[in-house]
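Those letters in the sequence shown? Residues 1 to 228, per the UniProt record's numbering, in order. For each residue, glycine too, the CB sits at the ideal point set by N, CA and C. Quick caveat, the model's predicted, so the values are computed rather than measured.
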Amino acid sequence: MSFTQSQRTIVVVGATGIQGSGVVRALLSDEYGGPWFVRALTQDPRSGKAQKLLSDYQTTDNRLSLVNGYVYDELSLRSAFTGVYGVFAMTSESYPGKLITEEWELKHEINAGRNIISAAKECYIKHLVFSSLPDTVKASDGHFKRIHHMNNKHTIEQLARKELDGFTSLIPAFKEDAIEMMQWAAVAPTDKTCYGAFELEVEQSSEELGLTASSFEDWLTRSGWTGP
1 MSFTQSQRTI VVVGATGIQG SGVVRALLSD EYGGPWFVRA LTQDPRSGKA QKLLSDYQTT
61 DNRLSLVNGY VYDELSLRSA FTGVYGVFAM TSESYPGKLI TEEWELKHEI NAGRNIISAA
121 KECYIKHLVF SSLPDTVKAS DGHFKRIHHM NNKHTIEQLA RKELDGFTSL IPAFKEDAIE
181 MMQWAAVAPT DKTCYGAFEL EVEQSSEELG LTASSFEDWL TRSGWTGP
């Protein structure tokens with residue numbers, strides 16, 4: 001079966017960031033489901049980060065392109081999403097160029113998510129993949145109600161499930177060194193809003209070793225462990 005380019009084109013939101021650039025690389029190097037064409041969404045295609053992405057991952061058949069778009073501007077998203085098959089999207093708790101000091105300001109992330117969902121629906125996107133996080137209110141049985149950077153993503157996920165026919169939620173796992181962030185959050189002043197995931201100097205990406213699922217019972221069988 002042959003496919004047109006539009007049927008093989010994916011828009012990647014947050015393409016110049018750590019998570020987004022990994023998605024770009026994975027799509028362009030996919031030997032099983034590919035070839036894919038990728039539109040890397042960026043606020044400024046001429047920026048150093050955008051040009052580096054193009055330099056690092058451009059293919060010999062030019063399947064990577066840069067497209068202007070901003071998650072707080074739905075019209076720009078509609079323009080970027082027009083004529084493509086799917087979208088990979090992520091949102092951030094930080095707001096470009098603004099220091100967040102009040103909890104209510106973190107709702108901007110939900111606004112960005114609404115724009116992405118609305119643009120995807122308007123452009124008849126066949127499938128939206130969203131990088132989400134769990135509902136910590138439910139997971140903690142109501143004990144933790146203010147972990148906004150997680151709960152806001154879960155809210156966006158639920159909105160997408162209601163509005164879109166083709167939707168997949170991905171929930172990334174924490175790395176072991178996340179304990180440093182947890183310690184940092186624990187000692188934050190009580191009069192400050194703590195919303196970050198990692199300190200900038202320790203934020204980094206790592207090569208993923210492969211996707212698999214395993215139960216504790218599987219591990220017991222493989223390891224031969226019988227207990228103390």
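For residue i, the nearest candidate out of the options (CA to CA)
i      : options                           : result
Leu106 : Arg114, Ile116, Tyr95 and Asn115  : Tyr95
Ile10  : His148, Ile125, Glu102 and Asp141 : Ile125
Glu74  : Val67, Ala119, Gly34 and Leu41    : Ala119
Glu163 : Cys123, His149, Lys145 and Ile147 : Cys123
Asp61  : Asn152, Tyr32, Trp36 and His148   : Trp36
Ser21  : Ser140, Lys52 and Leu77           : Lys52
Arg114 : Gly86, Thr101, Ser140 and Arg78   : Arg78
Pro172 : Leu27, Ser47, Met150 and Thr42    : Met150
Ala160 : Lys121, Tyr85, Ser140 and Arg146  : Lys121
Thr59  : Pro45, Ala80, Leu27 and Phe167    : Leu27
N-terminal and C-terminal residue of the alpha helix (DSSP H) that residue i is part of
i      : result
Phe81  : Glu74 to Phe81
Gly86  : From DSSP, Gly86 is part of no alpha helix (DSSP H) but of the beta strand (DSSP E) over Gly86 to Ala89.
His154 : His148 to Glu163
Glu109 : His108 to Glu122
Gln51  : Gly48 to Tyr57
Val71  : Careful: Val71 lies outside any alpha helix (DSSP H) and carries neither H nor E.
Beta bridge counterpart(s) of residue i as assigned by DSSP
i      : result
Lys98  : Tyr95
Leu128 : Val87 and Phe167
Ile18  : According to DSSP, Ile18 bridges with nothing at all.
Leu64  : Val38
Thr9   : Phe37
Supposed contact pair residue j and residue i - C-beta distance, whole angstroms, cut 8 Å
i      : j      : result
Val23  : Arg63  : Between Arg63 and Val23 the Cβ distance is about 14 Å, and since that is not below 8 Å, they are no contact.
Val12  : Ile116 : Not a contact, Cβ separation roughly 12 Å.
Ala112 : Thr91  : 5 Å
Boundaries of the beta strand (DSSP E) in which residue i is found, first to last residue
i      : result
Ala40  : Phe37 to Thr42
Thr168 : Phe167 to Leu170
Next item on the list: Count the CB pairs spanning the segment 149-161 and the segment 129-138 that are closer than 8 Å, and state whether there are at least three.
Entry: Contact between the segment 149-161 and the segment 129-138 is present, with at least three C-beta pairs closer than 8 Å.
Check: Any chance the segment 83-103 sits against the segment 134-143, with 3 or more Cβ pairs inside 8 Å?
Finding: Output reads no: the segment 134-143 does not touch the segment 83-103.
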